[in-house]
Amino acid sequence: MTRPTLGVCYYPEHWPESQWAEDARRMSALGLTYVRVGEFAWSHLEPEPGAVDATWLRHAIETLASAGLKVVLGTPTATPPKWLVDSMPDMVAIDEMGRPRRFGSRRHYCFSHAGYRRECIRIVEALARRLGDHPGIAAWQTDNEYGCHNTVLSYSASALEGFRDWLKERYGDIGALNDAWGTAFWSMTYRSFAEIDLPNLTVTEAHPAHRLDFWRYSSDQVATFDAAQVDILRRFSPGRLILHNYMGRFADFDHFKVAAEHDGATWDSYPIGFLSERREREPEHAAHFVRQGDPDFQAFHHDLYRAAGRGRLWVMEQQPGPVNWAPWNPAPLPGMVRLWSMEAFAHGAETVSYFRWRQAPFGQEQMHTGLLRPDSSHDAAVAEVSSLVADIASLGTFEEASQAPVAIVFDYPSDWAWRIQPQGADFNYSDLIFETYRALRRAGLTIDILSSRAEDWSGYHAVFVPGLFAWTRETLKALSRFEGVTIIGPRTGSRDRNFRIPDDLPPILPEHILNARVITTQSLPPEVAIDAGGRNGHFIRWFETLAHGDGVEPVFNTPEGPGLLRQDRIRYLAGWPDTKLFDRIVADVAADTGIAITALPDGLRRRELGSWRFWFNYAPTPVDIRRHGAKKPILLDGPVLKPAGIALEQRG
Amino acid sequence: MTRPTLGVCYYPEHWPESQWAEDARRMSALGLTYVRVGEFAWSHLEPEPGAVDATWLRHAIETLASAGLKVVLGTPTATPPKWLVDSMPDMVAIDEMGRPRRFGSRRHYCFSHAGYRRECIRIVEALARRLGDHPGIAAWQTDNEYGCHNTVLSYSASALEGFRDWLKERYGDIGALNDAWGTAFWSMTYRSFAEIDLPNLTVTEAHPAHRLDFWRYSSDQVATFDAAQVDILRRFSPGRLILHNYMGRFADFDHFKVAAEHDGATWDSYPIGFLSERREREPEHAAHFVRQGDPDFQAFHHDLYRAAGRGRLWVMEQQPGPVNWAPWNPAPLPGMVRLWSMEAFAHGAETVSYFRWRQAPFGQEQMHTGLLRPDSSHDAAVAEVSSLVADIASLGTFEEASQAPVAIVFDYPSDWAWRIQPQGADFNYSDLIFETYRALRRAGLTIDILSSRAEDWSGYHAVFVPGLFAWTRETLKALSRFEGVTIIGPRTGSRDRNFRIPDDLPPILPEHILNARVITTQSLPPEVAIDAGGRNGHFIRWFETLAHGDGVEPVFNTPEGPGLLRQDRIRYLAGWPDTKLFDRIVADVAADTGIAITALPDGLRRRELGSWRFWFNYAPTPVDIRRHGAKKPILLDGPVLKPAGIALEQRG
Amino acid sequence: MTRPTLGVCYYPEHWPESQWAEDARRMSALGLTYVRVGEFAWSHLEPEPGAVDATWLRHAIETLASAGLKVVLGTPTATPPKWLVDSMPDMVAIDEMGRPRRFGSRRHYCFSHAGYRRECIRIVEALARRLGDHPGIAAWQTDNEYGCHNTVLSYSASALEGFRDWLKERYGDIGALNDAWGTAFWSMTYRSFAEIDLPNLTVTEAHPAHRLDFWRYSSDQVATFDAAQVDILRRFSPGRLILHNYMGRFADFDHFKVAAEHDGATWDSYPIGFLSERREREPEHAAHFVRQGDPDFQAFHHDLYRAAGRGRLWVMEQQPGPVNWAPWNPAPLPGMVRLWSMEAFAHGAETVSYFRWRQAPFGQEQMHTGLLRPDSSHDAAVAEVSSLVADIASLGTFEEASQAPVAIVFDYPSDWAWRIQPQGADFNYSDLIFETYRALRRAGLTIDILSSRAEDWSGYHAVFVPGLFAWTRETLKALSRFEGVTIIGPRTGSRDRNFRIPDDLPPILPEHILNARVITTQSLPPEVAIDAGGRNGHFIRWFETLAHGDGVEPVFNTPEGPGLLRQDRIRYLAGWPDTKLFDRIVADVAADTGIAITALPDGLRRRELGSWRFWFNYAPTPVDIRRHGAKKPILLDGPVLKPAGIALEQRG
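For the protein sequence lines, the chains are H, R and G, in the order given.
Going by our numbering, the first residue of the first sequence is number 54, and it counts up by one from there.
Going by our numbering, the first residue of the second sequence is number 54, and it counts up by one from there.
Going by our numbering, the first residue of the third sequence is number 54, and it counts up by one from there.
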């Protein structure tokens, strides 16, 4: 049982010291609890090489603490100062085209650079020694948004050296690498690890095993880079939470690995900014939700990062108004800031922290709104935050997120694998996962995300494993012990971990689990869809022809063969379903497993938290939730929810 | 009172000397007055380093002069010879991606390169000393189309060095720069000017103040580069006009600054080539005017460059037929060459010069038509030029351009600022200005363009100031003294000159002028429009929520707040109007100020010059101008104007 | 009289030696005759520098030969090993942006690099000496798909040096080059060959004559590179065919020149892969044939390469199922593999060889299907191959391709010229040729392609010469002696070979041949079409205004002038016809020359081979060929052809 809290991101180095106390007072008066500071302040902490001086930061922390606020202190390693970059110019990342990515914005470093890692350890230790035991500090944030601006993969000399060592460690001798990768193809045999280059600037695409290993290496560098900071913080600032703020729609490194060393996971939620990325693919959808954000996008990330955080979730940055970085930046519909915040709590978040306190009148993000305008007046979100504070108070303590009836397995390397080899231009792993999630949400379900390292699925009625490129030992173990229904495919188990098609053909499962194999794969251009029969919808983008043996029966067929196979509690899905077909598949699984579902109308979403069921209206029109299964008494805004309305009921 | 003249661009170095006299004779016979020569002839003037020999050019000038023609001599600095580039390879510009922009076409130089500047001074002085006092020379053109092919911004070592010096000059000490830019953001604090890089190849966008200053620096280099030539020409060739040929739809440097040192301004008018740039955004419009050009594009540039030339305007290059450089190059509708030429005179041009005399059968522009075909036969435009010569003769002397009833303020740095920080993908300053201009033209108005350095607007009924990113001292002065109606916004006054949002929020005007401020800004994706009420049209692309106090009243409202505010003679426009709303706003302003307007049909345009009113039909169908307010007697083609028709009447 | 054979591509180095014999047995049992091996095996042949060991390859060849198969041995020069690249890093090509194109895929070499040429001679000689007299070897393939992945044009130091020498050889002295190119334009005069750069990274487009000469030089390097291998193979492996496998839709080098030294020509036919390139331009067409491929694409390339091979044609790689390299990769409609193969034979192919025997489970092409799946089971194509073997047996010997009634002249440099100077964004020479070919095919005609070096057209009723940028001596000779009808234009003869517009204007033909000239050229944007009158269709993309004199009459007119001129047996076509107009022009020519035509319905195509007439149904619906002129008795699948059906009849 917990009571959710609110927070805000604050940059004392942007404002006169004389203003800090008043800011702190107003934060506190607004009902905020946490304040994140410091994550871009290196040049203020160490204006000259070696001259670390955190006096001002101590003063800021104390000012905030005096007002009753708790500080989340960011390590400043996402923005090394100019003098540091000048002292070792090769610390910057090199882009895929071979160009240095220079100073002048942020994240101008290569994760593989040993010299920069030493500098990070130095500054973090300096900060932790000076401030780590300060009672005002409740938590740390390492760096900021790892990978932002496409910074995980760097094609630098440091990365090359590190990659060769990593390969040597992984394969032992070069012959093993040649065998594993299959370098017989196109005469790519290597005689030593020293012959191996980074997989960029090749004449045509580089070898997929080469690329996947470089991605794994690069992901590992993020984890190693982070771990060095965690070590120091655990040592010099014990008892504080260690967190990182991940991003939405971003899978360039294995977040489960980084978060495993932390005390939870947080993410930065910009619903409208992210929606704009869907404008091209889903123009009508994007137009419909242009001021609300996608109704499933936030939910998905809450569930994903709650998994990464092993149950502990924050929103470290919450959009409070128009942002500056999307192609177009409209204002949220009134009420959405409150809705987004409450939805995070419904998904188990402990804290929602707004980005940022006061809009900066200078710099790259000057058009990013905050809670206050540059003149310190209240911007639009403040009234919604006040209302939310009252809501929270009225609801009392919140239960913790309980196990959902259904789950989806998420695997970062699968995202890399299918970006390396999509085979169809629109086959994207994260999209496939998200389409699966959406289908379950449209049915009114509460969903958990499971790591591909989870080895116990007990308690779920059904688990979906779409597009997992190579089985993990843990997933196979979980699958074999699982008593619920598992829906695998398409493309699941279609490679071994060296990016080879298995000798026995996908999906590489023993006959007693699934006596079937994929004999043809097709990617389908937008003008081709395969009819799943009658009112069932279609397969789009991807379809596999399946051969099957004893004990397997098709659930339904298409003109190109079975659309869904069933063998006991295992299902294999032959392709990428469109919306209609996805709904049918979810309905079938629900019927099989006895899960209660409700077809929700456009924009209405619900989520269970302990004994509560929340309802959220993302649609631009009102909706009466009683028509969709809600029963009185209804708390907060219901039962007729206007746009951005929230309701709450006790589960039956 | 003046009589317009015609001219042509000629390349004696492309043809045998034996042909020159006959060419000159035919030019003269056609009724041409001016001949531009020499602007790409450096390798013919100095075939070996140091061996300047202008004998052939003198002979060409004398041949032309003997036929009664006046010469405009171009300095050849847009095309340095290969030997010169080889002697200092670092003189070429560096593109944003860090690649040298090499010899092999034209404009292969960096404005910041001191060595190349010296070479330019040398060759211009050599030419001016040899030919500057020749009576056949009536004018000089410095260089050619500054900035063409994206050459203003160069990321070279010379530019870096120059930029650092320029910053030092501007800010004095580095602390002032840090304060002005706001380098506290993302730890970008600099310890010295030597730490500052050029703002390219950064991980994500560079700091906007950094980028704007680099743009200002780069624009200044163009002016300085030009001024060195002007100095020499004034000294060695006194009494001749000094001109430069600017381009259409191009604002990469401050043309007002360069033109301030000259004796007028000229531009290169390619109506059909430029129209093709609008195909993607306005496909139906582009299809409708595919052989005529946009009906407002030429007019706008005539008015802009007449302002830059402080009343003196030429068209230095006029499209005579299909060009070679647009994606597609159709032929003009018969009559358009005559129409475009006469329209230039209606906007105050003294001379219209065709590009070029004879189509070159070789080189990059071999598909660019001229007055003559490669075989010296008449190409299609010749008959229109002959007709035009007769028209001019029939009209007698022309009056000079008189002050228009309305004006628009144009500011080059605002174009840079909003390209640096559009905030909405389609927010473009030049487009906003042009949409404003179009709206006034659709109402039949004659328009002036005012520089943002103009400090006196007296005589105008109304002045529009859209999108001016930062107030200039002069504009504020003009505004405060102005007795007409001023329409400012959107986005006007939203930054200080260091690219900061003002502490008191935009538009930074004292309460007695405008007691209102912008409290939210939104960029609107194409699927979102804000209803301006009833028959009023919509705001698109951009909308600002305005708070206002005593003395201010909304002229009309939208669901998101006031669309237009009024305080005495000041109006503030909250967003980017669509066509319908723009028409409504113009109509309101006209009603307020007593300006007579007429809603012109598609493609029909008019322009007043002294006591004359010209009518031009850009539409592909005939139009009877008597239905739109023209009164007999009507000169030239009217009253029923066929496509490309021109009419003329005495103003009432 | 011949009997067609089948083959397959095989990579013994990808599979255990123990598997080879069984593979060979199954190939033979399936009815295959040829097996291509070795073309990517350099690192297996020479695992350490200098240690060439072809023992394994000899063993593979013997294993195949023992099973009755004939080997086509590829030289491995498309994939030099890593150690070789490391030994001379400057051997890689440099892309247009100046970046090295590195090891890690294939074709990582520059054709101009002398060191690499020596290495190629060394390895080819080593192979030829060791295996050249082996009786199992029936043919050689030099390298693999010259130019694939955009590798003809390389901007390396080697290329620069070679280009300067080539220019010196061509022009003798620099003055001749300056005159030929027309370097007076934009001061591009050169003082020596050493001043000439490669035409990349220029500020705007480089000089067209410069670019065309660099393209000619680059094409020549391919021929020279290839010739060195041919010399060795002729010497050490006499009596074997020497071949190369060309690509579809690819004209970056002069294939006629390379093939002239060989014993025929082969190409790699991927009908569905190539169709996807048309999705953007012809979306409905691409959707209609998404699983069949374009109905004319294969035919065109068979005819083109049969011309290049002087009558001898193979398909070296035939698509057997989904490929890996198109944006989307659907499966062929059942029957298409058989249809494509038989169609090749109908066009005179001797052999069709499938790519590849067994799908590789590793490497870049792991998603490319073969005849066998990775688990060695039969993939979908095997049944079709079996059926085809039976078809061939049932038909007995095939006649050779006889002369067609009509022909089209194809010229590689014209493709380069119009890519250098399209003037209209969609003016593409290969497209124009293909549209002409399609129009003739829609009329049911059998077509020959003629090289622009062919000097005898006798026997044809009509020859089309569209878009030939500069007359070749041979084409002029053929034209002047030809007794059939010649249709030239648009754009034919519009330049001399130095890329100049001729002094007398295009199309540079003597009056007694064609007393007409082009006086205006227009490229037409998609929204503009010129009506060819009544039911005649329109000109699109390109139109020329023609002046004509005595003896010339318009066949039909447009509002912009004549659409087609006629003078005796010469026709000049003024623009790019749309489908309807092309059909009308073909019908007129047929009527003039007495060729019998039949308007074929969508997807039905026919082709005559000796006394046979083949019918192929590419449409997704059945068609009764008796309605389109077929007469009983009909062999194979007719008379009602289902999708992918093939029929055969004796010509009347």
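Where a beta carbon is used, it is the ideal one built from N, C-alpha and C, also for glycine.
Under DSSP, G:S322 shares a beta bridge with G:Q371. The beta carbon of H:P102 is closer than 8 Å to those of W136, L137, S140 in its chain, skipping five residues each way along the sequence. At a Cβ-Cβ threshold of 8 Å, G:N568 and G:L634 do not count as neighbours. The Cβ of R:E248 sits closer than 8 Å to at least one Cβ of chain H. In this chain, R:P336 is not harboured by any beta strand (DSSP E); it is covered by the alpha helix (DSSP H) spanning 336-341. Linking H:T108 to R:A259 through their CA atoms gives a straight-line distance of about 29 Å. Sequence-distant partners of G:T116 (beyond 5 residues in either direction) whose C-beta falls short of 6 Å from its own C-beta, in its chain, are W73, A74, A77. Using a Cβ distance threshold of 8 Å, G:Q194 and G:E66 do not count as a contacting pair.
Counting only runs of at least 4 residues, the segment 425-466 of chain H fully encloses the following alpha helix (DSSP H) elements, listed from N- to C-terminal order: 434-448. Close partners of G:K135 in chain H (Cβ separation under 8 Å): M241, T242, Y243, R244, E248. In this structure, the straight-line span from the alpha carbon of G:T242 to that of R:S119 is close to 29 Å. The Cβ atoms of H:V368 and H:W410 lie no closer than 8 Å to each other.
Contact annotation, H:Y513 with H:V459: C-beta distance approximately 6 Å; criterion of less than 8 Å satisfied. Under a 10 Å Cβ-count criterion, G:A352 is classified as buried, with 16 or more other Cβ atoms of the shown protein chains found around its own Cβ. Judged by DSSP secondary structure, G:V105 falls outside any beta strand (DSSP E); it is assigned neither H nor E. Residues N377 of the same chain have their beta carbon placed closer than 6 Å to that of G:E418, with the five preceding and five following residues left out of the count. Around R:D556, the beta-carbon contacts reaching into chain H at under 8 Å are P414, P427, D428. Within the segment 249-279 of chain R, the residues whose Cβ lies closer than 9 Å to some Cβ of chain H are I249, D250, L251, P252, N253, L254, T255, V256, T257, E258, A259, H260, P261, A262, H263, listed in chain order. When secondary structure is reduced to three states using DSSP, G:A399 falls in the helix class. Proximity of R:W95 to chain G, defined by a Cβ-Cβ separation below 8 Å, is satisfied. For the segment 609-634 of chain H, there are no residues whose beta carbon sits under 8 Å from a beta carbon of chain R. Here the alpha carbon of H:R494 sits roughly 27 Å from the alpha carbon of R:V581. DSSP places H:L689 within a strand segment (E or B) once states are collapsed to three. Comparing alpha carbon positions, the residue from R:L498, R:S467, R:R332, R:A492 closest to R:H400 is R:L498. Looking at the DSSP output, H:V676 bridges to H:L694.
No Cβ-Cβ contact shorter than 8 Å links R:P543 with R:W469. By the C-beta criterion, the segment 674-683 of chain H is judged not to be in contact with the segment 359-368 of chain R, since fewer than 3 inter-stretch pairs fall below 8 Å. Pairing G:Q620 with G:D584, the inter-Cα distance amounts to about 23 Å.
Here R:Q703 is exposed: its Cβ has fewer than 16 other Cβ atoms, across all protein chains shown, within 10 Å. Straight through space, the alpha carbons of H:S467 and H:S483 are spaced by roughly 9 Å. In the DSSP assignment, the residues bridged to G:C62 are G:R89.
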